[in-house]
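Report on one structure; see the data block that follows.
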């Protein structure tokens, strides 16, 4: 923006503590506005003058002294006051901000008009004082043009006296009185001063202005300026005279001052827009562009341009050159383009791009998006919730006030969050990252696959690089790259440096891909306000206890958990835990993930781990091992990995377990002693395959719920195992028997058949054919393209690798296709089928089946029964078939057909096509742009997110578009339709529908039938089409078309456009300024509040109007105008023919209880309202109403006169001199006067 005299005056006050003389003020003002300099530029130029350098010298050459000096001059706050505010600006100077910028920013804030109404009296007084000082300085500049060199010190002292004797409560005329007519060496324009100011009596004037007594003033002024003061003055009781400022030498703006930086004599090309929507293109030279109001587009093209957007949502482009761009009000989009640009968004939610060059960008007030682009940029968010990104280069970012989101981008950036709860993103290559005030979150992420941070190498200077954060987020929560982060050697000292507060607990948020190795931390017993799903650790820095809360999903390493002597429940995290139970009956779990070392120690312990752990040791006592692995192959166990357990529990967790290669030798890997009888627990989902064992005759101490087996190990020692009877147990054999067999195939193509027992069969390698036959069998195809037949019984079948063909046959089977493109048939029974990896074809066939497609593009058919079908990953085709099915598409672009029955269908993620089929279905599209057909039946359909297409088809449906720009078609039946958020298109089609547009600018067609339509929020277009419809526009600027039929239409809020179209319509404009067309038919129209324009069009219409309506036109037919307010036709005659026309009847009052007076009605008025020389206006009313006619008499013509009416006639002469005999029939109950008044 251009600078003014007041800006220069404010700088004189801030920098030098004095008013400005005319020559100096004009010089700096001319320099600013001819050379496109900002307030900060002028401040720096002033500080670079020789006089200024001499003035500041060694007295104010430190940052602290300079800020104290500015605070004193601008806000009247001396040393020791507002230490926090001063510290903020001192820190800015230390970070590299220049003094001119700091002074200009302080002045802009202090002069903000919002403080004139502040509820804080001290703030309000400081603001008003500065405003009055600026006003006084302007008056001085107008009246005193130069400072003579011969008396510079004394003259400047007078200027500082003026400035120091201004108060916050003075009026403009009082301020004038402060300015002295010192005729000694000053050139004064006396016309600028009051008479009182011309009197050379400084004591009297200063007393009037300041409110102090003359005696107090005499104590302040030196003797030479106070001739009336006695040599030995007597002070008043308890005097409190203020101390005048020290007479420091001031910078002297003399007639030949030094030039400001960057002189540029080029005169800009000036372009000024309008208050409408302008499209402005500059030139390749320096332009000054003021777009003014409206939503403008401006492109500065080449040159160092100065661009102002003004009001409206503008799009501003600087083009090439070092541009200055100001968005001003509203929500602007600004591009600096090439060059080192200065951009200020102003008010509103702006989006600002610096693009190329070293740019300075200020978001201003509002929730702005600021993107520096290439170059070393300086970005200020200002007030509001801003998003700030530095881009390339070494940038400096200031969030200022508000909850900001900040990312320095590439380069050695400096990022300062400021006030508010900020989110700052870093790749750990920034020079400074400071959260500032509030609860701030630091996101640490990587542009590579993983960021590795070793705090042993980062620790030196960490407190200067990163501080004032309360939350640390590893990865960026998916906002940018969301890569893994690995932290090592994080100590309590590092946490203290990052938080910058010994009382702050650092909260570390992460997930399973991240890892954290803590150093010098232990698990804390303090769980005060600990979030669910987090573990607290603590460590020491000297005597301080430093705490950090880490999400349990993290892979936390480097900690030891000790249980002590009681019965403890100890659980690790995803890291590599070492947990010792100690004495007592403990439960020890390593948590999910990690290579743990778990020790039960003394007592009867339960150890929960998996085969990825380093060591699992039960210790003393009767200990239980619960392994979480799905497949447990004892041949794969390393020596001494598992030891000292008496019980192996397969039943833990939700997944069925298979224990393989349980041999007499392998038992010793668990029990560690030949005399220990291993007990194995589990349920009917679990499998135990024993090899080298036979049924034992020894039943001593055997629980009735267990079977005992025995065998000889490699040393010839007899070992025993007790297996719970609920577990599917098989003894390895090469041929099937009638008992529970375990048969292993070869690596070739085998044909294996079980018999009547509950068999376990492994096909192993090759393309095998496996028959389970009788019994509840467990069948594994393993490698190869296998054919597997379950036979009778409730079988569990795993296809394994490659493309298998599986038949469950009879029974309630569990079938897993595993890898490959499998073909699976559940056949009879209520089967559970999981296709696994690959593009599978799955048929549930008979029974109530549960089928998951797994990964891949699967085809799933439920068949008979009430099935539950889930597509999982991939673009699946799902057919529910018969029955009341539950269908989930899940991820991918799925095609789903419910078939017959009352189905529930969920599309899931992706752009799905869903067909409800027959029955009363409930369909939910969920994520993606879905296409949904309800089919027959009374369906409930919800589109959820995305731009959906929904067709109800047959039945009385309930259709909901929800979010997105949806297209909804009701189809047959009486449907209820909700558009939801977004700009929807809705067509009720057939039936008597109820339609709600809800939020957004919707287009709605009622279709056939008598519909009820509610536009909702937004600027809607509503077409009733056929039928007798009820339409409500509700809020927004709606366009409503009634269509055929006798419609009832309500415009409601907003400036609506309403067309009744055909039929006898009833139309209510309601609020605001509506435009209404009745169309064909005998319509009733009430514009309601606002300045409405109403056209009755064809038919015998009834129109209810008011004087504030802009136009009332009855149109063709016999139309009646209803008025409910008094009218003086003398007052409206000039616009009457433009406002009211084509009416045959005027009805006074709406209800019969009203009193309406018409005064000064002439023949010209009636001619204007009827717009037809042959029309006889009829006025209806009652005895409470009255009409005053001018130039009328009772007519002798009574032809066609209705009983109860009196006819009057008068002469109207038009502009051509043609005369017309105008007649009016007035209800005899109405009081009529022929002199203009009744």
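Residue numbers (the working numbering): 16 to 1253. Note that the Cβ used here is the ideal one computed from N, Cα and C, for glycine as well.
{"Check": "For residue 93 and residue 254, the rounded distance between their alpha carbons", "Outcome": "Annotation note: pLDDT 27 at residue 254 (below 50); position unreliable, coordinate value reported separately. Approximately 21 Å between the Cα atoms of the pair."}
{"Check": "Distance between residue 1172 and residue 1123 (C-alpha atoms, nearest Å)", "Outcome": "17 Å"}
{"Check": "Alpha carbon of residue 477 to alpha carbon of residue 429, nearest angstrom", "Outcome": "14 Å"}
{"Check": "Identified DSSP bridge partners for residue 1240", "Outcome": "1193 and 1222"}
{"Check": "Cβ-Cβ separation, residue 30 to residue 112 (assumed contact under 8 Å), whole Å", "Outcome": "With a Cβ gap of about 16 Å, residue 112 and residue 30 do not count as contacting."}
{"Check": "For residue 960, the nearest candidate out of 158, 944, 1212 and 299 (CA to CA)", "Outcome": "944"}
{"Check": "Element boundaries [alpha helix (DSSP H), containing residue 20]", "Outcome": "20–31"}
{"Check": "Segment limits, beta strand (DSSP E) that includes residue 1176", "Outcome": "1172–1176"}
{"Check": "Candidates 1027, 664, 1058 and 666, of which the one nearest residue 9 by Cα", "Outcome": "No information on residue 9 is available, as it lies outside the stretch 16 to 1253 that the chain covers here."}
{"Check": "Inside the stretch 1116–1168 only - beta strand (DSSP E) runs reaching at least 3 residues", "Outcome": "1117–1120, 1126–1128, 1135–1138 and 1160–1163"}
{"Check": "CB-CB length for residue 850 against residue 839, believed under 8 Å", "Outcome": "7 Å"}
{"Check": "Where the beta strand (DSSP E) containing residue 3 begins and where it ends", "Outcome": "Nothing can be reported for residue 3: it is not among the residues displayed for the chain, which extend from 16 to 1253."}
{"Check": "Residues that residue 741 bridges to, as DSSP identifies them", "Outcome": "DSSP output for residue 741 lists no bridge partner at all."}
{"Check": "Within 7 Å, strictly: CB atoms of residue 3 and residue 796", "Outcome": "With the chain represented from 16 up to 1253, any question about residue 3 goes unanswered, as that position is not in the structure."}
{"Check": "Cα-Cα separation between residue 480 and residue 432, rounded to whole angstroms", "Outcome": "13 Å"}
{"Check": "Of the residues 151, 1190 and 1179, the one placed nearest residue 1230, counting alpha carbons only", "Outcome": "1179"}
{"Check": "Residues bridged to residue 984 [DSSP beta-bridge criterion]", "Outcome": "966 and 1002"}
{"Check": "Segments of 3+ residues assigned as beta strand (DSSP E) that fall wholly inside the stretch 316–347", "Outcome": "321–323, 330–332 and 339–341"}
{"Check": "Uninterrupted beta strand (DSSP E) stretches inside the stretch 697–742 (no shorter than 3 residues)", "Outcome": "702–705, 721–727 and 733–739"}
{"Check": "3-residue-minimum beta strand (DSSP E) runs that sit fully inside the stretch 803–867, ordered along the chain", "Outcome": "811–813, 820–822, 829–831, 838–840, 847–849, 856–858 and 865–867"}
{"Check": "For residue 359: DSSP bridge partner residues", "Outcome": "341 and 377"}
{"Check": "Proximity below 7 Å, CB of residue 565 to CB of residue 523", "Outcome": "yes"}
{"Check": "Residue range of the unbroken beta strand (DSSP E) whose run includes residue 152", "Outcome": "First-last for residue 152: 136–158, but that is the alpha helix (DSSP H), not the beta strand (DSSP E)."}
{"Check": "Inter-residue Cα distance where the pair is residue 582 and residue 707", "Outcome": "38 Å"}
{"Check": "Rounded separation between residue 789 and residue 971 - CA only", "Outcome": "50 Å"}
{"Check": "Simplified DSSP assignment, three categories, for residue 694", "Outcome": "strand"}
{"Check": "Euclidean distance between Cα positions of residue 1037 and residue 880", "Outcome": "44 Å"}
{"Check": "Whole-angstrom C-beta distance between residue 315 and residue 333, which should lie under 8 Å", "Outcome": "5 Å"}
{"Check": "DSSP bridge partner residues for residue 305 (one or two, in chain order)", "Outcome": "287 and 323"}
{"Check": "Pair within 7 Å by beta-carbon distance, residue 338 and residue 320", "Outcome": "yes"}
{"Check": "Touching by the beta-carbon criterion (3+ pairs, under 8 Å), the stretch 1097–1107 and the stretch 1070–1081", "Outcome": "yes"}
{"Check": "Residue 20 and residue 45 closer than 7 Å at C-beta", "Outcome": "no"}
{"Check": "Inter-residue spacing [alpha-carbon to alpha-carbon] between residue 148 and residue 28", "Outcome": "8 Å"}
{"Check": "DSSP three-state assignment for residue 474, whether helix, strand or coil", "Outcome": "coil"}
{"Check": "Residues near residue 980 in its chain [Cβ-Cβ closer than 7 Å; skip 5 each side]", "Outcome": "962, 997, 998 and 999"}
{"Check": "Environment of residue 1209 [buried if 16+ CB atoms lie within 10 Å]", "Outcome": "exposed"}
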